[in-house]
Amino acid sequence: MPITNFVQLPSGSDLRSLFERSAAETGFLLTVEARAGIERLLRIRAGRHAPNPPLLNGLLRHKLRISRGAPEPASPELVVAGCHVTYMISGEGSRSGVLTMSSAPIPGHILVASLLGGTLIGMRKLQKAPLQREDGQIDTLVVLDVSPPPDHDAA
Numbered sequence: 002m003p004i005t006n007f008v009q010l011p012s013g014s015d016l017r018s019l020f021e022r023s024a025a026e027t028g029f030l031l032t033v034e035a036r037a038g039i040e041r042l043l044r045i046r047a048g049r050h051a052p053n054p055p056l057l058n059g060l061l062r063h064k065l066r067i068s069r070g071a072p073e074p075a076s077p078e079l080v081v082a083g084c085h086v087t088y089m090i091s092g093e094g095s096r097s098g099v100l101t102m103s104s105a106p107i108p109g110h111i112l113v114a115s116l117l118g119g120t121l122i123g124m125r126k127l128q129k130a131p132l133q134r135e136d137g138q139i140d141t142l143v144v145l146d147v148s149p150p151p152d153h154d155a156a
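For the sequence shown, the numbering used here begins at 2 and goes up steadily by one.
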């Protein structure tokens, strides 16, 4: 049986750019600063006091492997260190905090050296992602809103 219904791309379309755009819209984006910060956290073993250090280290290494480079300057909807992020986990109420590369807990801050922070970095507003819990359960994390870091507004 011959195939008679062909899908035709608009003239001048580059198939590669269509797929790259799709990957960028669905994946994670890391700025150069975010990538360097995650590498530093891994190097100083910032997650060694986390409830499950191997899981956290695996998440951060995986994030480095699968994330694409973010265009500079970063979009104000991109979750980066220093931004205030509002998020929701599997239907619970919304929560918020400032994402930080610090290795020490700070009230009102979300450490990138945590499963939550490691998942949040590189996400964008309204993006969903699986959130691995220390107990092995997987929840859904959604970014509801992002306020850029104060120095971002000056740029």
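All C-beta atoms, glycine included, are put in the ideal place defined by N, C-alpha and C.
- Here the alpha carbons of residue 32 and residue 71 stand approximately 5 Å from one another.
- The C-alpha of residue 64 lies about 11 Å from the C-alpha of residue 113.
- In this structure, the alpha-carbon of residue 52 lies about 23 Å from that of residue 36.
- Distance from the CA atom of residue 137 to the CA atom of residue 118, rounded to whole angstroms, is 17 Å.
- One Cα belongs to residue 122, the other to residue 109, and the distance between them is close to 16 Å.
- Between the beta-carbon of residue 133 and that of residue 60 there is about 6 Å, and that keeps the pair under the 8 Å contact cut.
- In the DSSP assignment, residue 67 falls outside any beta strand (DSSP E) and within the unbroken alpha helix (DSSP H) covering 54-67.
- About 19 Å separates the Cβ atoms of residue 79 and residue 42, ruling out a contact at the 8 Å cut-off.
- Shown here, residue 113 sits in coil according to DSSP, grouped into three states, outside any helix or strand.
- Listed in chain order, the non-local C-beta contacts of residue 130 below 7 Å within the same chain comprise 120, 124, 142, local neighbours out to five positions each way being set aside.
- Judged by their CB atoms, residue 66 and residue 54 are not nearer to each other than the 9 Å cut-off.
- In the three-state reduction of the DSSP assignment, residue 46 falls in the coil class.
- About 6 Å separates the beta carbons of residue 97 and residue 86, which is inside the 8 Å limit, making them a contact pair.
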